[in-house]
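Trainee:
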Amino acid sequence: MLEIKNLHTSVLDIDDSEILKGIDLSVGKGEIHAIMGPNGSGKSTLANVLMGRFDYVVTEGEITLDGESILDLRPDQRAHLGMFLAFQYPAEIPGVRPWQFLKAALDSKAEARGEEKMTVRNFSKLFDEKVGAVGINPTLVKRSLNEGFSGGEKKRNEMLQLEVLQPTLAILDETDSGLDVDALRIVAEGVNSMRSPGRSFIVVTHYQRLLNYITPDVVHILVNGKIVNTGGPELALEVEKDGYKKYLVTSEATA
Amino acid sequence: MTNQNTISRESDLSGGEYKWGFVTDVETDLAPKGLSEDIVRLISSKKGEPEWLLEWRLKAYRYWVGLNEADAEPDWAMIEYPKIDYQDIYYYAAPKGTNEAPKSLDDVDPKMLETFEKLGIPLQERAALAGVAVDAVFDSISVATTMEKQLGELGIIFCSFSEAVKNHPDLIKKYLGSVVPYTDNFFAALNAAVFSDGSFVYIPPGVRCPIELMTYFRINTEGSGQFERTLIVADKGAYVSYLEGCTAPFRKTSQLHAATVELIALDDAEIKYSTIQNWFPGTPDGEGGVYNFVTKRGRADRNSKISWTQVETGSAITWKYPSVILRGDNSVGEFFSVALVNNHQQADTGTKMIHIGKNTKSTIVSKGISAGKGNNTYRGQVQIMPGAENAVNHTQCDSLLVGDECGAHTVPYIEVRNPTARLEHEASTSKVSDDQLFYLMARGLSEEEAHHMIITGWSRDVIKELPFEFALEASQLLKVSLEGAVG
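Just so you know, the sequences run in chain order A and B. Counting from 1, one number per residue, gives the positions in the first sequence under the working numbering. Counting from 1001, one number per residue, gives the positions in the second sequence under the working numbering.
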């Protein structure tokens, strides 16, 4: 489904700012990949670059989705292809209701794909159902998008969007950070319930604890812009026990 | 191999297009260009006005001549424009054959009706369905007033200004110039001398007007000025919601619009006045466009309320300060404004709240959006007079910048002469952030849709004050006006 080959990325308009230094990653249909790494290793950059954020430049390499390059696509076009990014720090949009925002997002997607837009009635039903499922306080969705939401509320709101938009490739950027155990469980239940042969996940996380609830197929260790190790779920447990120390030493040695 | 990949932010947005720029080909009855006593007399006689009104016009004209000779055109606003040649303007342009006001819609030139259809004005039966009574002022003449009969049964008068002069001279005599006298300012004097038509509304005591009243203004003739005059009187305990919309065709030469609006809310009355101003803003290079110099003021008597809501997206220049004189105890004044400038547009707009009565209360919410090379100024005055015990004002003044070539300015004046007053002033300036744009685009919205959502959301506190249909129109207008500014 997703193929990343030798991906190099810098920050736009800043010299010598290479963050990703040759990433190779292959995510098959229905798989869950966890990307773990210490702070500053480039995990969030990778998540943002996959979604097409403006302020990064891909200097080398290729990203394909179902065999087609997505490098020239805008974020909205990537979304229309079924990609989704759950943000680490969702932006606050004053005066915009979550309901209105999600309906517009669904409509844009339907329009781009030449599908019929969902009726307001059906959308309302779906929305209410998902609000219940994600456990968002219903008064929250009557407020402005993310404005004044607590960290946990923002993350739940991201999960709500994930559930409504039903993407085929979902990237979760440190969705577990700042969550208490209950919220963590809700996020994990969301992912697990959406797990299907046609849908892949990339779960970016610093800690192993989210992986107690979501069992990944593959775990990658990202250090200093490179994937330094790849393995099964047991790799996450190893990191939990020993930290990233041994990778940091190796990566410094090779640098 | 190194390939440089950035996401092009020059998405496929068409350059800011004005969609109301058509010209209607109707024969026009034009008075010669230029301003003189003769022109003032001609306008008055064309309209068959009584002697007292001609006298009033002439006094205004002479006053204006004095101001013009003294070079007293106001220059304190933050706007720049070439000197206006007042002798190079048509002061009277009427569609031919309408010297007599049309008796019914059948008497109206079908081409004109087509124009209004293009404008999306619900004239004819649609008006009734939409619950809107429309008075359309085309160049200077009021074209058709719908639903007059239905309103008549409640004693409500809603007609063109000219008709009101003929049929309700006592009301006009009593209130004309009572809130905005011709001596008020340069443009008010000019308007008083040459105004050609406008709308008149009277709501009898205790009557709540059951529908929104609406006037649509349009300038059609090239080189013509438009000087309409609106007078709204809500008698004791009455209520009315009034909407005003404006468009003008695409012209490379500038057009002058100098209107006057007077509102009178007697004891316990309420007037809600909403405007969508979409005069032609000029080309993206700053050619042409309407110069909009408007004086709007309301008088609020005891326990009354006057509320101005405006969405200003048009005009090359906007100079406009809808105000409320809170002279009655417990009266309330409100001003809700969204002003958007793009390309080379300049807006200097705000309000004056003059607190005279006790326990008077005013609220100001001003949202200025600047894009392109536009310049947006909020200018407001809150004045608490010595007798205004316990007056309260809350002012919120926000600016939003789109791009980095535009300007936003805030000029609040506050004058307090009573120690019991309570005033609050909040101000903010922000930019549409990349984080916000990326967030919305990552969910599938195009860059244009994302901007639109951010801006209408940001303007929500004002737009929600508009009647429903108008709110939709306002939101669409913000979208269209921003085209070409993003990317």
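We put the beta carbon where it would ideally sit given N, CA and C, even for glycine. None of the values given here were measured: they were computed from a predicted structure.
Closer than 9 Å, Cβ to any Cβ of chain B: which residues of the segment 117-147 of chain A, in chain order?
Mentor: Those residues of the segment 117-147 of chain A that come within reach of chain B (Cβ to Cβ, closer than 9 Å) are S144, L145 and N146.
Trainee: Would you please state the rounded distance, in angstroms, between the beta carbons of A/H8 and A/T59? I believe it to be under 8 Å.
Mentor: A/H8 to A/T59, Cβ: 5 Å. Contact.
Trainee: Is there at least one Cβ from chain B nearer than 8 Å to A/G95's Cβ?
Mentor: Chain B, which has a Cβ nearer than 8 Å to the Cβ of A/G95, makes this yes.
Trainee: What does B/E1153 touch in chain A if you count any residue whose Cβ is under 9 Å from its own?
Mentor: Residues of chain A passing the Cβ test: none, with the nearest at roughly 37 Å.
Trainee: What are the partner residues of B/E1426, as DSSP defines its beta bridges?
Mentor: Its beta-bridge partners are B/Q1396.
Trainee: Comparing C-alpha positions only, which one of B/G1357, B/L1231 and B/C1209 sits nearest to B/A1238?
Mentor: When each option's Cα is compared against that of B/A1238, the closest is B/C1209.
Trainee: Quick check on the DSSP output: the beta strand (DSSP E) that includes A/M118 runs from which residue to which?
Mentor: Looking at the DSSP string, A/M118 is not in any beta strand (DSSP E), and its letter there is neither H nor E.
Trainee: Quick one: grab the DSSP three-state call for B/K1083.
Mentor: In this structure, B/K1083 counts as coil in the three-state DSSP scheme.
Trainee: Alpha carbon to alpha carbon, how far is B/S1160 from B/S1142? Give it in angstroms, no decimals.
Mentor: Low local confidence applies: a pLDDT of 49 at B/S1142 is under 50, so the model's placement there is unreliable, with the coordinate-based value given in what follows. The alpha-carbon atoms of B/S1142 and B/S1160 are separated by roughly 6 Å.
Trainee: Excluding the 5 residues preceding and the 5 following A/T120 in the sequence, name in chain order all residues of the same chain whose CB lies nearer than 8 Å to its CB.
Mentor: Contrary to the premise, residue 120 of chain A reads as Val rather than Thr in this sequence. Taken in chain order, the residues that qualify are K103.
Trainee: What does the alpha-carbon distance come out to for the pair A/K142 and A/G95?
Mentor: Distance between the alpha carbons of A/K142 and A/G95: 10 Å.
Trainee: Suppose you measure from the CA of B/A1265 to the CA of B/R1299; what does that come to, to the nearest Å?
Mentor: About 6 Å.
Trainee: If we define contact as Cβ-Cβ less than 8 Å, is A/P98 a contact residue for chain B?
Mentor: With 8 Å as the cut-off, A/P98 does not count as an interface residue toward chain B.
Trainee: Got a sec? Which residues, its chain only, sit under 6 Å from B/E1100 by beta carbon, not counting five neighbours each side?
Mentor: Because the pLDDT at B/E1100 is just 46, under 50, the model does not fix this residue reliably, and the value given afterwards should be weighed accordingly. Hits under 6 Å: none found.
Trainee: Going along chain B, which residues have a C-beta under 7 Å from A/M51?
Mentor: Near A/M51 (Cβ distances below 7 Å), the residues of chain B are A1442.
Trainee: How far does the beta strand (DSSP E) with A/T45 in it extend, from its first residue to its last?
Mentor: That residue, A/T45, is in no beta strand (DSSP E); its alpha helix (DSSP H) goes K43 to M51.
Trainee: How would you label A/R53, buried or exposed, when you count the other beta carbons within 10 angstroms and need 16 or more for buried?
Mentor: Its Cβ being crowded by 16 or more others within 10 Å, A/R53 is buried.
Trainee: Curious, which full-length beta strand (DSSP E) runs of at least 3 residues does the segment 1243-1307 of chain B contain?
Mentor: Whole beta strand (DSSP E) segments, 3+ residues: 1254-1257, 1260-1265, 1270-1278 and 1289-1300.
Trainee: Using a Cβ-Cβ distance cut-off of 8 Å, determine whether A/G47 contacts chain B.
Mentor: With the sequence shown as reference, residue 47 of chain A is identified as Ala, and Gly is not the correct amino acid for it. By this cut-off, A/A47 is not an interface position.
Trainee: Name the chain B residues whose beta carbon is nearer than 7 Å to that of A/A105?
Mentor: Those within 7 Å of A/A105 in chain B are R1443, G1444 and L1445.
Trainee: How would you list, in chain order, the residues of chain A whose beta-carbon sits under 9 Å from the beta-carbon of B/Q1436?
Mentor: Neighbours of B/Q1436 on chain A, chain order: A91, E92 and I93.
Trainee: What does a CB cutoff of less than 8 Å around B/E1449 pick up in its chain, not counting 5 residues either side in sequence?
Mentor: If we look at B/E1449 and ignore the five residues flanking it on each side, its Cβ neighbours are L1440.
Trainee: Return the chain-ordered ranges of every beta strand (DSSP E) run that is complete within the segment 126-197 of chain A and spans a minimum of 3 residues.
Mentor: Counting whole runs of 3 or more residues, the segment 126-197 of chain A contains the beta strand (DSSP E) stretches 169-173.
Trainee: Beta-carbon within less than 7 Å of B/K1373's beta-carbon, same chain only, minus the 5 sequence neighbours each way: which residues are those?
Mentor: Excluding residues within five positions, the ones whose Cβ falls inside 7 Å are N1343, H1344, E1405 and C1406.
Trainee: Report yes or no: is there a C-beta of chain B within less than 8 Å of the C-beta of A/Q161?
Mentor: Yes - at least one Cβ of chain B is within 8 Å of the one on A/Q161.
Trainee: Could you tell me whether the Cβ of B/S1433 comes closer than 8 Å to any Cβ of chain A?
Mentor: Chain A contact via Cβ: present.
Trainee: Measuring alpha carbon to alpha carbon, tell me which of B/K1059, B/T1309 and B/D1435 ends up nearest B/V1324.
Mentor: Out of B/K1059, B/T1309 and B/D1435, B/T1309 has the C-alpha closest to the C-alpha of B/V1324.
Trainee: Going along chain B, which residues have a C-beta under 8 Å from A/G199?
Mentor: Note that residue 199 of chain A is Arg in the sequence shown, not Gly. Under the 8 Å cutoff, chain B gives no residues; its nearest Cβ is about 17 Å from A/R199.
Trainee: Just checking my contact of A/L20 with A/V49 at CB under 8 Å: how many whole Å lie between their CB atoms?
Mentor: Confirmed, about 7 Å.
Trainee: What is the rounded straight-line gap between the Cα of B/E1424 and the Cα of B/A1474?
Mentor: Approximately 28 Å between the Cα atoms of the pair.
Trainee: So is B/P1074 buried or exposed if we call it buried at 16+ other beta carbons inside 10 Å?
Mentor: Flag for B/P1074 reads exposed.
Trainee: Using CA coordinates, which residue listed in B/Y1061, B/Q1087, B/V1180 and B/I1211 is at the minimum distance from B/G1034?
Mentor: Per the Cα distances, B/Q1087.
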